[in-house]
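**Q** The sequence shown begins at 286 in the working numbering and counts up by one. First the structure, which I've put down as structure tokens, then a few questions once you've had a look.
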Amino acid sequence: MERELALEIVRITELAALASAPWMGRGNKEGADQAATSAMRYVLNSVSMKGTVVIGEGEMDEAPMLYIGENVGSGSGPELDVAVDPLDGTEIVAKGLNNALAVIAVANKGNLLHAPDMYMEKLAVGPELVGILNIDDPLEEIINKAAKALNKRISDLSVTILDRERHNHLILQLRQIGVRIKLLSEGDVAGAIAPSLPEAGVDMYIGSGGAPEGVLAAAALRCLGGEIQGRLMPGTQEEYDRCVIMGFERPCQVLTMDDMVGTDDVIFAATGVTEGDFLSGVRYLSGKRAETDSIVMRAKTRTVRNIKSIHYLPNKAFFKDKEKVIS
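Below you can see the structure in the form of structure tokens.
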């Protein structure tokens, strides 16, 4: 992929964040998501590429835009797989909470896993634990191996997990084992990335979340040197059959990094919508300006760029279109 593409795709997440930020605390997660999706698609179609959405807002009959299989980009340039989550944390924005992100990943065609929209069991770690842990092992064994590898006491290990009823048994186990626990209200992608960011102070991410979000996290972790293991969790025979139709001969097999993002180059970008652990949210400044905080990473070079941008909103073509202005 062309290295200039890295700076192009961060423009996509910036506009999605700017479009969804006004919905913070307004109790309308659908409105926030639609705003982010519209903005992301608007910029995507100006980028020089022949992109195909492999992870998006849903199937064509479920999503009016950025649906799986949709062609995006200008129609010239490299053929790319595109994975998007215009707003990771719709409920977060609706309630005015932390860690909402606009996220995108691109890779050469055929490298990003077309993950079905269902739960995925996940185990994500930072560079120091790559190749050491196994998602198939009992939780206590995973914790003990991690503590030994990191030369930490178990009581000093920090584990993140989504605060969901389906995780009650895991949270109870973690408490019995004695690790420190950080419960997340939402933010599946950010949660899985956190162990690879030293400033986050997290050693491991466990539990189940969306399979598409698992692929997005894998793209980021490929750039950061971390690792995620996953396993699809079809809950019905219909979901199981759908996995088989999509090419998963053994739907419940462990999925590795190579399964999710291939071995080729990948670029990942995210912009904070609300305040977060590693990205600040959109800040409104005087003079009709707004500040965004973004990260853009490329696996081929392992370059990580943090970008703070000041946007003069009246000059944004997207907001000049009255049909897209949020009232």
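For glycine and all other residues, C-beta sits at the position ideal for the given N, C-alpha and C.
Counting Cβ pairs, one atom from each stretch, are 3 or more of them under 8 angstroms apart for the region 529 to 544 and the region 566 to 573?
**A** The region 529 to 544 and the region 566 to 573 do not touch, with fewer than 3 CB-CB distances between them shorter than 8 angstroms.
**Q** Would residue 326 and residue 351 qualify as a contact pair, given that the criterion is a beta-carbon distance under 7 angstroms?
**A** yes
**Q** Which stretch, first to last residue, makes up the alpha helix (DSSP H) that contains residue 305?
**A** 290 to 305
**Q** Which residues in the same chain have their Cβ closer than 8 angstroms to the Cβ of residue 607, if we skip the five residues on either side of it in sequence?
**A** Confidence is the limiting factor: at residue 607 the pLDDT is only 45, short of 50, which leaves the residue's position unreliable and the question unanswerable from this model.
**Q** Going by beta-carbon coordinates alone, are residue 470 and residue 382 separated by less than 7 angstroms?
**A** yes
**Q** Rounded to whole angstroms, what's the CA-CA distance from residue 609 to residue 361? Just pull it up for me.
**A** Caution is warranted here: a pLDDT of 43 is assigned to residue 609, below 50, making its placement in the model unreliable, and the coordinate value is therefore given only provisionally. In this structure, the CA atom of residue 609 is about 26 angstroms from the CA atom of residue 361.
**Q** For residue 597, count neighbouring C-beta atoms within 10 Å of its own C-beta (all shown protein chains included) and say buried if the count is 16 or more, exposed if not.
**A** exposed
**Q** Could you tell me whether the region 323 to 343 touches the region 455 to 465, where touching means 3 or more Cβ pairs closer than 8 angstroms?
**A** no
**Q** Which of the three DSSP states, helix, strand or coil, is assigned to residue 534?
**A** coil
**Q** Take the Cβ of residue 396 as the centre, count every other Cβ of all protein chains shown within 10 Å, and call the residue buried at 16 or more, exposed below.
**A** buried
**Q** Which partner residues does residue 366 have in the DSSP bridge list?
**A** 337, 392
**Q** Scan the region 544 to 583 and note each continuous beta strand (DSSP E) run of 3 residues or more that stays entirely inside, going in chain order.
**A** 551 to 557, 568 to 570, 574 to 583
**Q** Taking the alpha-carbon of residue 601 as reference, which of 299, 287, 435, 289 has the nearest alpha-carbon?
**A** 299
**Q** For residue 612, does the count of other Cβ atoms within 10 angstroms reach 16, so buried, or fall short, so exposed?
**A** Any answer about residue 612 is weak, because its pLDDT of 36 lies below 50 and its placement is not dependable; what the coordinates show is given next. It counts as exposed.
**Q** Do you know how far the Cα of residue 496 is from the Cα of residue 473?
**A** 10 angstroms
**Q** Give the straight-line distance between the Cα atoms of residue 320 and residue 343, rounded to the nearest whole angstrom.
**A** Taking the Cα positions, residue 320 is about 16 angstroms away from residue 343.
**Q** In or out: residue 483 buried (at least 16 other Cβ within 10 Å) or exposed?
**A** exposed
**Q** Using a 10 Å radius around the Cβ and a threshold of 16 neighbouring Cβ atoms, would you call residue 512 buried or exposed?
**A** buried
**Q** For residue 481, which of helix, strand or coil comes out of DSSP?
**A** helix
**Q** Tell me whether the region 424 to 435 and the region 535 to 550 touch, counting them as touching only if at least three CB pairs, one residue from each stretch, are closer than 8 angstroms.
**A** Taking a cut-off of 8 angstroms on C-beta distances, the region 424 to 435 does not touch the region 535 to 550, as fewer than three cross pairs fall below it.
**Q** Under the DSSP definition of a beta bridge, which residues are partnered with residue 596?
**A** 575
**Q** According to DSSP, is residue 387 part of a helix, a strand, or is it coil?
**A** Residue 387 falls in the strand class under three-state DSSP.
**Q** Would you check if the distance between the CB atom of residue 272 and the CB atom of residue 353 is smaller than 7 angstroms?
**A** With the chain represented from 286 up to 612, any question about residue 272 goes unanswered, as that position is not in the structure.
**Q** Would you identify the three-state DSSP class for residue 585, choosing helix, strand or coil?
**A** coil
**Q** Name the DSSP bridge partner or partners of residue 456?
**A** Its beta-bridge partners do not exist; DSSP assigns none.
**Q** In terms of residues, what are the limits of the alpha helix (DSSP H) holding residue 409?
**A** Residue 409 -> not in any alpha helix (DSSP H); beta strand (DSSP E) instead, spanning 404 to 410.
**Q** Taking buried to mean at least 16 other C-beta atoms within 10 Å of its own C-beta, is residue 446 buried or exposed?
**A** Under a 10 Å Cβ-count criterion, residue 446 is classified as buried, with 16 or more other Cβ atoms of the shown protein chains found around its own Cβ.
**Q** Please give the ranges of any alpha helix (DSSP H) in the region 421 to 446, keeping only runs that are unbroken, at least 4 residues long and fully inside the region.
**A** 424 to 435
**Q** Would DSSP call residue 327 helix, strand or coil?
**A** helix
**Q** Assign residue 520 to buried or exposed, taking buried as 16 or more other Cβ atoms, counted over all protein chains shown, within 10 Å of its Cβ.
**A** exposed
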